[in-house]
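Undergrad:
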Amino acid sequence: MQNILLAASGIGLILLTIYDLIYTTLSARGAGPVSNILSKGIWNVFKKISKFFRSQVLLTWVGIIIIIATVGSWVLMLWAGNALIFISDPRAVVKSETNQPADNFERIYYTGYSLSTMGNGDFIGGSDLWKIYASVISFSGLIFITIAITYMVPVLEAVTKRRSLSIRIASIGYSVQSILISNWNGNDFKMLNTQFKGLEDQLVHQGQMHLAYPVLFYYHHVRKENSLLLNVVMLDELLSTLYLYVDEDKRPDKEFMLPLRKALTSYIETIGSTFVEVSEAPAPPLDVSELHKAGIPLKQPSGNEVAQIAYRRCNLKTIIDKTGWEWEDLTRRAFDPKLDLPGLI
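Residue 188 in UniProt numbering sits at position 188 of the sequence shown, and the numbers go up by one each step.
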């Protein structure tokens, strides 16, 4: 009975590993159950430590650590599962010289070097069937290594593209009100047409990349201009302000605003449904005080309009909170002020 339980446990662990590996690397629908729990656990631990020391530097290492931990968990689970199967049969592994059954430690050792395709060494399968199974393990280990490397290498490129888009958004302006003030031509905000052009395609691409490579969510950047999630929230708040407070004829053209809004909706939905659980904590009201001071004509939104985007802004607030930022960071200046003229930062 014990041998059956060992074999069943081993098979179950192997199947769970295969499912998690395939779902995470090949499904483009997010992380598998094990990878998801592991990633969130590591992130939450580092986030608490970072909050305790009031420094975000530690968070910049989380993405790399999660990749290593995820691949490591697949190795250990596959190793443990196959080891349990070998342990379940007293004659599954024998010493090559004496043909005596190997002990449990030796079976674990045998499983490890079979998975790593390093050969059989001092131990062999106790029967032809177990020898074939060892060959299957070696072959599966080779496949696993190939998939893991294929999965990890593009992550660096994806992180680079993510950072590039973030800088592109941050270059429009450091806050909602600063962007609107600098793009007011005295009559309307049509200057933003050029700024918005092409952003929707990049946002849609990044949203899908988060599903293909879930670890991207955990790549944290200390500098505001490099943090895509922070700048996406700012961009969405910008569009909400335009829709609620600016007359339609004074807004950027519809063919630029609407696709961008839809792309932002898709991106926010992807993050909200895959990586964070939306809290009911409301976001602070949209601030237009600086726009009033600048003499820009604004309309007063109805209570119904404000209520309609309340849930959307709860999503944004949750994203900010879960990624180690504060809502006040949305108005913090991006880029190093010592590198340019005061009016250009």
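Backbone N, C-alpha and C define an ideal beta-carbon position, used for all residues, glycine too. As the structure is a prediction and not an experimental result, all values here were calculated from the model.
Are the beta-carbon atoms of I319 and L229 separated by less than 8 Å?
TA: Going by C-beta atoms, I319 is nearer than 8 Å to L229.
Undergrad: Rounded to whole angstroms, what is the Cα-Cα separation between residue 409 and A92?
TA: It is not possible to answer for residue 409, since the shown part of the chain is limited to 1 through 345.
Undergrad: Using a threshold of 8 Å, state whether the C-beta atoms of G12 and I85 are closer than that.
TA: No, these two residues do not count as a Cβ contact at 8 Å.
Undergrad: When we look at the beta-carbon of residue 349 and count the other beta-carbons within 10 Å, is it buried (16 or more) or exposed?
TA: In this structure the chain extends from 1 to 345, so residue 349 is not present and cannot be described.
Undergrad: Report the rounded CA-to-CA distance for E255 versus G32, giving the unit in angstroms.
TA: The alpha-carbon atoms of E255 and G32 are separated by roughly 38 Å.
Undergrad: On the three-state DSSP scale, how would you describe I172?
TA: Three-state result, I172: coil.
Undergrad: Cutting at 6 Å between CB atoms, please list the residues of its own chain near L264, excluding the five before and the five after it.
TA: Closer than 6 Å at the Cβ level, and outside the excluded window around L264, lie D236.
Undergrad: Do V159 and Y219 have their C-beta atoms within less than 8 Å of each other?
TA: In this structure, Y219 lies closer than 8 Å to V159 by Cβ.
Undergrad: Per DSSP, F123 is paired with what?
TA: Its beta-bridge partners are K95.
Undergrad: Could you pull out every residue in the same chain whose Cβ sits closer than 6 Å to the Cβ of E225, ignoring the five residues on either side in sequence?
TA: Correct list, in chain order: I167, A170, A334, F335.
Undergrad: Count the other CB atoms, across all protein chains shown, that sit within 10 Å of the CB of K293; report buried if there are 16 or more and exposed otherwise.
TA: Under this definition K293 is an exposed residue.
Undergrad: Go through its chain and collect everything with a Cβ distance to V233's Cβ below 7 Å, but skip five positions before and after it.
TA: Excluding positions up to five away in sequence, the list reads L316, I319, I320, L330.
Undergrad: Return helix, strand or coil for P101, following the three-state DSSP convention.
TA: In the structure shown, P101 sits in a strand (DSSP, three-state: E or B).
Undergrad: Is it true that the CB of L216 sits closer than 8 Å to the CB of H210?
TA: Closer than 8 Å, so yes.
Undergrad: Taking Y267 as the reference, give the member of K48, H205, D253 with the closest Cα.
TA: Of the listed residues, the one whose Cα sits closest to Y267 is H205.
Undergrad: Under the three-state reduction of DSSP, which class applies to I11: helix, strand or coil?
TA: Helix.
Undergrad: So, R261 versus L239, is the Cβ gap smaller than 8 Å?
TA: Yes; because the gap between Cβ atoms is below 8 Å, this pair is in contact.
Undergrad: Going by Cα to Cα distance, which pick from L129, R107, N304, I137 is closest to F123?
TA: Among L129, R107, N304, I137, the Cα nearest to that of F123 belongs to R107.
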